[in-house]
Each structure stands twice: as C-alpha cells, then as structure tokens.
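Just so we're aligned, residue 1 is where the sequence shown starts under full-length UniProt numbering, counting upward by one. All C-beta atoms in this analysis are idealised placements derived from N, C-alpha and C, irrespective of residue type, glycine included. For reference, the structure discussed in these notes is given below.
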Amino acid sequence: MTKSALQIARTNYVPKMPEGLKGNVKIAEGAATESVADQKEIKELFPNTYGLPIVTFKQAEGEIGASDPVNVGVILSGGQAPGGHNVIAGIFDGIKRIHKDSKLYGFILGPSGLIDHQYKELTSEIIDEYRNTGGFDIIGSGRTKLETKEQFDKGLIILKKLDIKALVIIGGDDSNTNACVLAEYYKSINAGVQVLGCPKTIDGDLKNDQIETSFGFDTACKVYSELIGNIQRDCNSARKYWHFIKVMGRSASHIALECALQTHPNVCIISEEVEQKGLSLDDIIEYIAGVIAKRAENGLNFGTVIIPEGLIEFIPAMKNLISELNDFLAHNQEEFDLVRRSGKREYIISKLSPENSEIYASLPETVARQLTLDRDPHGNVQVSLIETEKLLTEMVSKKLSDWAKEGKYKGKFASITHFFGYEGRCAAPSNYDADYCYSLGYTASMLVASGKTGYMSSVKNTTAPAAEWVAGGVPITMMLNLERRHGEMKPVIQKALVKLDGAPFLYYKEKREEWAIHTDYVYPGPIQYFGPTEVCDQPSKTLQLEQTG
Ligand code: FBP
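Here's what the structure looks like:
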C-alpha cells in the first residue's frame, strides 16, 4: 500500500483512553435493567439475556491478565463509518493485554463471512497498517442480515473450529439487534460463545440514554461541513448561485442538523419536523422559495439549502404516494410494462387515487420516472435513489417563476446541486472518533474478559477530556422494543430520530431565521489531526448541546 504523508504521520497517533481502562480494571455492576418498552414480551423473547445490569470499568490494583488466551472474532456490518479500524485495533490490544497468545479473527465482507466461513487472522503487522485510518477495508463490510437459526448454527461451526470465545459485531441498530438475538440463542444452547456489539453508523441514529453517539458521525459530519463551508465561501464570493446540498442519513436528519449547526446555512430541512407538522412537498417548496425571495429583496441572490437524504419518506403525502405506487405496480407490473415509455406517466396518473395522482402529476419528469421505473428486487421504489436535491431545485425554480409573473419575486435564481455521502464515510477518523473507537474496542475486550454476552460496548462522558470518559457495557435488551417489520411484530433497537424538543434542534430553531436572511456562514475548514486541542479534539455540536444544553 502506498501511503500518504498524513497516513504515515497518523500511524504514530496514540488514541486517548479513559483513565478507567488503563492498567488493570475491575467491573462495577449496576441494578437489573428493563427494556425501553414492551417489557413483558421482550423478557419472554430473551429469557437468558434480559434484565442484565449496566456495567462500568474502573481502574484496579494489580496486573491485568488471564491464565488462558482468549480468541475473538470480529465482523464489520453495514455502511462504512470512520474509526472502524480503531475499534478493531482496540479489541486487538485489549485481548493481547489479557493474554499475549490471544488471537483476533476478522470475518470477511460482513456477516456473510461468518456464515460462509471466510475469515483471516488479524496479526499485529496487519493491525499496525490500519491504525487511525478510515475505511473498513481491513476485512471489508457487508449488509447480509444475520438472523436465522441456520445462519447462527453455520457460524457456530467456524467459531468452534477457531476456538473463538466471543464475537464482536460492529454495526448499526439492525446489526446490534441481530447481535442480541444471536447472544440469546448461543446462551440458550450453551454454545460457549459470547456476542457483543459496538455502535456504528455515520447516520448518528443509534444512540440513547446509555449510548452517547454512534462512531463515525463526528468525522463524517466534519467532512461534509468542511465542504459546505467551502461552498458557502464560494457562493458568498461570486454571489450568483443557490446551492442545494443533500447529505446522507437514510432516515434520521442528525447529519443535516449537525452540518447546519457547524456551518449556519440559509436553509436546513429537518425531516422529523416535516413529519410532525404534516408538511406537504409544496409547503417545503414555499418555505425555501420564501427565503430565496426575501434574500433577493436585499440583493442577495445566493445561498445554501441543506436537505437530509431521508426527507421524501417523512413527507406524509409522499409516503402515501409511494405506498400506493408500490401496491399498484405489484399487481399491475405486466400491464405497466406494455405501456409505451412516452405514455407511462399519463398511465400512472390515470390509475392512482385522485389525491396521489395530483401529487404525482406535479413531480418533475425525472423524479416521476424514478418512482415508477427504478425499483428494487422486491418491486419497491428505491427511495434512496431519488434525487431530492434536484426535485426541490426544479420545483423551487418553478415556484419562483410563477411568483415572478405575479410580481412577487424580482430576483435571479441559478442553482447547483450536490450530494455528500460517500465522501465522508471512509475519511481518516477525527481525533474524537479515533479515541472513541479505540476505547469502544478496548472496552469490548474487557467485556469479553468479564464473560459478558448480549452487551453493547459503551463509552460515556465524551464531551469531557478522554481521561474522564467512562467505559462499560449496556445490555442490548435494554434498548429493545417491538416494532412492525414486514407485517410481523419484531424486537428491535429503537432508532433515534432528531428530537424536536432536544437542545440541538431547539438551538437551530432559535437561529434559523437569522441565518436564513442574513449571511452568517461559518467555514469550519478541514479536520485537523495535529495542533491545539480546541481545534483538534472538539466533539460534535450535537453532542455538546445535548450534554450541556
Ligand atoms: P449504516 O446505517 O449501515 O451505517 O449505513 C448508513 C448509510 O451510510 C446511509 O447514510 C446511506 O443511506 C446508506 O448507508 C447507503 O448505503 P450503501 O452503502 O449500501 O449505498
């Protein structure tokens, strides 16, 4: 691998760790826990792993170590997030600390590696190549869902063959839910394999009272905010473009909100607010066009609009339209296929309910086509492929020309669209993520040594200096509730959406009018890895506001 100068310099970075993890550790157990909801049902589904206590690690006298080596397996599951390699390095250093002959095995390309017995031993030479680097390429990641008994049993064969005592699954809400189900299953059959989870996703939607943030969110948001800041400086210099910027986040709008807090754009749409207020697409268009018109009155024909990736599914009317389209095409695909391409749009308009037909007819050609032609293997609309940034730009442009005809708008509107997603998922982890991830991994190894199963590794108090962070474990059953998935009630980890009464959103709400009309852009610049702590070690604005209000 040819390395960049930064990569070489970054190899020597020593992640900061909680004081409680340095040296020997002792475990403190709290009281029995309950699931966040549906306690009776969750208890019945998880008789062996329900009600376990939250645990915390504290510094102890004496030397760390065990008489026997502990072999551990690790899986990277789902989308990439900066810091995954440091979680693995943390696990590695932890288990080597416990016993020098412990081994770490990485399953290749996600959960399928466990099922298909594809793995590699992660030696110190390999680990050292990947310390403090972005990406998941050390073993690769995948989206295979680990959820059937057959898969669990197949996995157990290789775990036993490699004498693996514990499996650590690094993933988002669904992967950690599956880790919990797997932990329960292995416990119920006395398999002798512990299963632990680590909270990962740039989307930031795996968090709760016990898990402060998912790793990767910090770095990804810093990368997008740097780019948004650069665009803002450009548009404040040329003063002729409106930039419509979509940012990743499949469902929740945490990334959009964090980027807004870091950069002060003119508009940031928060999907959760759209849903709560029951806004229509036209309401959103009116709002954006209103800001553009207002700025134009002051001679400011430029600006930025941040759009969360998941927006479409939070607009109640669009949700209904998508659901009727899914249903209609599931039953009439053959007839639809026979209609000539040029007539497809009119065909759909004639078949939908009057309400949905009107919305569909109002959509730009390209989006209407994406809604009917681009479908996933199950026949569903591929919402993530819909170019919301283009949809909004086109519709805003139309609204402004209507207003111009009515004499309500006298500005000039030229727009450029962007989508920031993959640019941030494999960036070199910020100091926050490098430290947080290493600590999460090291904590996981301590959970292994303590014989815990069905736990998620947790590191708290992370707005304080790293030495004061608190490492421990949270029983995953504590985060579960029942939700309807594919027509069936399933135990799942509650997805954390943006709280509209939470400090980060309330702060944005208080400021947004001022940011909309005036130009108060912030230019965060690139992530800094070396330098003063106030430049290099700042946690996300979301976390700071959540913890300090
Ligand atoms: P995870 O929740 O698995 O971490 O993935 C998040 C994400 O990056 C979303 O923001 C985005 O919608 C999605 O993955 C894209 O998935 P893919 O990598 O399969 O294109």
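Between ILE75 and LEU167, the CB-CB gap stays under 8 Å.
Taking non-hydrogen atoms of the ligand FBP into account, the C-beta of GLY142 is found less than 7 Å away from none of them. When only Cα atoms are considered, SER415 and PHE302 end up about 9 Å apart. The count of Cβ pairs closer than 8 Å, one atom from the region 180–187 and one from the region 445–457, reaches three, so the stretches are in contact. In this model, ILE322 and MET1 are separated by some 45 Å (Cα to Cα). Within the same chain, THR463 come within 7 Å of GLN547 by CB-CB distance, once the 5 residues on both sides are set aside. The C-alpha of ASP128 is placed about 15 Å away from the C-alpha of SER4. The closest heavy atom of the ligand FBP lies 7 Å or more from the beta carbon of SER430.
Assigned with DSSP and collapsed to three states, ARG375 falls in strand.
The Cβ atoms of ALA317 and ILE359 sit closer than 8 Å to each other. Bounds of the alpha helix (DSSP H) holding LEU159 are 149–161. Within the chosen limit of 7 Å, the ligand FBP does not reach the beta carbon of ARG485 with any heavy atom. It is roughly 21 Å from the alpha-carbon of GLU389 to the alpha-carbon of ILE517. Per the coordinates, the alpha-carbon of VAL195 lies some 11 Å from the alpha-carbon of THR49.
Per DSSP, the unbroken alpha helix (DSSP H) holding MET318 starts and ends at 316–338. Inclusion of ASP209 and ALA252 in the CB contact set at 8 Å is not warranted, their separation being larger than that value. Of ALA434, MET479, ILE476, the smallest CA-CA separation from PRO539 is found for ALA434. Apart from sequence neighbours up to five positions away, the residues of its chain that approach GLY421 with a beta-carbon distance below 6 Å are MET248, ordered along the chain. LYS120 is bridged by DSSP to GLY106. In terms of side-chain proximity, the C-beta atom of GLU309 is found nearer than 7 Å to a non-hydrogen atom of the ligand FBP.
Rounded to whole angstroms, the separation of the alpha carbons of ILE245 and VAL36 is 36 Å. In the DSSP assignment, CYS221 falls within the alpha helix (DSSP H) that extends over 217–238.
For PRO82, the closest alpha carbon among the candidates PRO524, ALA444, ALA428 is that of ALA428. Residue nearest to ALA449 within the set ILE164, LYS490, ILE95 is ILE95 (criterion: CA-CA distance). Where LYS40 is concerned, the enclosing alpha helix (DSSP H) starts and stops at 39–45. For LYS160, the shortest separation between its Cβ and any heavy atom of the ligand FBP does not lie below 7 Å. The residues PRO82, CYS426, ALA427, ALA428, PRO429, in chain order, have a CB closer than 7 Å to that of GLY134 in the same chain once the five nearest residues on each side in sequence are set aside. For ILE202, the shortest C-beta to heavy atom distance toward the ligand FBP is below 7 Å. Judged by beta-carbon spacing, CYS536 lies within the 8 Å limit of ASN431, meaning their Cβ atoms are closer than that value.
Secondary structure in the region 376–405: the alpha helix (DSSP H) runs of 4 residues or longer, each lying completely within the stretch, are 388–405 in chain order. The C-beta separation of ILE42 from THR477 comes to about 6 Å, placing the pair in contact by the 8 Å criterion. Under the three-state reduction of DSSP, ILE245 is assigned to strand. Rounded to whole angstroms, the gap between the alpha carbons of TRP515 and HIS264 is 6 Å. DSSP places PRO265 in the coil class of the three-state scheme, outside both helix and strand. In the three-state scheme derived from DSSP, where H, G and I count as helix and E and B as strand, PHE302 is classed as coil. Between ALA260 and TRP403, the gap from beta carbon to beta carbon reaches 8 Å or more.
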